[in-house]
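Numbering (this note's numbering), first residue to last: 132 to 520.
Ideal placement from N, C-alpha and C gives every residue a C-beta, glycine not left out.
Let me begin by presenting the structure, written as structure tokens, before commenting on it.
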């Protein structure tokens with residue numbers, strides 16, 4: 132297996148990875164493992180989001196993380212205006228653009244099914260006039276299909292909402308290809324899935340990054356190369372990688388985005404309103420008192436320890452229930468690293484359930500979801516018994 136230290140010393144590799152990471156919140160998967168055997172995923176350094184906008188900055192970051200043995204490098208789907216503090220990445224206020232992304236989840240032995248599923252996606256995009264801005268990545272287990280962020284203009288995103296637009300477009304296409312992907316699975320006996328990767332703060336592998344476990348590079352290719360693709364292209368000793376992932380047609384995906392917004396409606400909700408209904412609703416909202424908070428959380432919440440975690444003291448959880456999810460992940464992160472004993476974690480969870488979550492101005496539906504989530508975690512901890520000092 133290739134040495135990550137040697138691999139990332141290659142100027143070509145550093146240049147491609149850094150070019151992709153410019154403006155993105157970076158995550159680094161390390162070979163050093165946590166107590167339960169899982170590898171570390173680093174997203175902050177000295178309390179600031181990781182970033183690497185040049186080969187020199189990326190090389191410096193890898194040197195700082197060298198005791199943890201960094202291996203795989205990821206970037207967010209979102210490109211930020213600035214990455215100076217945790218507040219910059221908490222919401223979408225600082226997001227300038229997003230790379231439209233579908234994940235084709237598969238296994239190495241079913242790589243031909245993966246390629247066929249990718250072809251289904253490409254054909255659907257081509258039907259809607261999106262071709263030049265499309266590129267793909269083979270990561271070692273599956274593929275990502277991307278539309279370059281430049282295919283949606285800043286003006287278009289400002290008008291329609293950046294999260295609503297990007298999530299809806301990816302979801303619309305994923306739904307359209309679902310039946311054809313099932314046919315691919317029947318043909319190959321595979322379990323390929325096409326998934327929407329446009330949730331806030333989602334990360335995916337950078338081009339030419341190493342895979343976190345496999346001896347493979349993440350290689351980019353353009354649609355006209357897909358039918359000739361073979362997994363050997365990902366050999367990290369001589370990766371076959373196409374730097375043309377940078378190419379795009381300005382505004383190429385906007386017509387498709389407009390259709391998707393009409394059909395899907397926005398991030399995790401469906402809106403089907405006529406223009407007249409929209410105008411009437413706007414007038415009603417202008418003449419009415421401020422509405423009650425609307426639910427923001429998805430139906431199926433999942434949490435995992437955040438490592439390294441943010442400080443737990445003096446946290447402002449007001450207004451956005453996703454902050455409460457992050458707070459829970461930080462509690463688990465502190466516990467995972469042995470920074471707090473289990474009794475302290477249980478006390479924090481009980482306080483949140485009994486008081487904190489009810490006093491942040493969240494929608495009642497979100498409060499209910501959060502209390503259920505916190506209670507489930509608390510129950511698991513109480514089942515383990517106490518530990519620590």
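Item                                                                                                       : Value
Range of the contiguous beta strand (DSSP E) that encloses residue 278                                     : 274-278
Beta-carbon spacing of residue 247, residue 304 below 8 Å                                                  : no
Beta-carbon separation (whole angstroms), residue 203 vs residue 336, contact threshold 8 Å                : 6 Å
Length at least 4, wholly inside the region 135-167: the alpha helix (DSSP H) runs in chain order          : 135-138 and 142-152
Where the beta strand (DSSP E) containing residue 232 begins and where it ends                             : 231-236
6 Å CB neighbourhood of residue 321 in its chain, flanking five on each side removed                       : 241 and 244
Three-state secondary structure assigned by DSSP to residue 433                                            : coil
Cutoff 6 Å; reference residue 380; Cβ partners in own chain excluding five residues on either side         : 263 and 264
Simplified DSSP assignment, three categories, for residue 373                                              : coil
Cβ shell of residue 419 (< 6 Å), same chain only, five flanking positions each side left out               : Below a pLDDT of 50, predicted positions are generally treated as unreliable, and residue 419, at 44, falls in that range; the measurement from the model is reported next regardless. Here the set comprises nothing.
Alpha helix (DSSP H) runs contained entirely in the region 293-330, provided each spans 4 or more residues : 293-307 and 309-319
Distance, residue 485 Cα to residue 283 Cα                                                                 : 44 Å
Opening and closing residue of the beta strand (DSSP E) in which residue 336 lies                          : 334-336
Burial state of residue 375, where buried means 16 or more other Cβ atoms lie within 10 Å                  : exposed
Start and end residues, beta strand (DSSP E) containing residue 203                                        : 201-211
Selected residue, minimal CA-CA separation from residue 161, among 500, 285 and 205                        : 205
Proximity winner among 452, 459, 435 and 450, relative to residue 444 (alpha-carbon distances)             : 459
C-beta atoms of residue 185 and residue 149 nearer than 8 Å                                                : yes
Boundaries of the alpha helix (DSSP H) in which residue 353 is found, first to last residue                : Looking at the DSSP string, residue 353 is not in any alpha helix (DSSP H), and its letter there is neither H nor E.
Bridge partner(s) assigned by DSSP for residue 176                                                         : 179
Spatially closest choice to residue 188 from 172, 207 and 147, by CA coordinates                           : 147
Exposed unless 16 or more other CB atoms sit within 10 angstroms - verdict on residue 491                  : buried
C-beta atoms of residue 369 and residue 287 nearer than 8 Å                                                : no
Whether residue 300 touches residue 388 by CB criterion (8 Å)                                              : yes
Coarse secondary structure for residue 488, derived from DSSP in three states                              : helix
Residue 362, DSSP secondary structure in three states                                                      : helix
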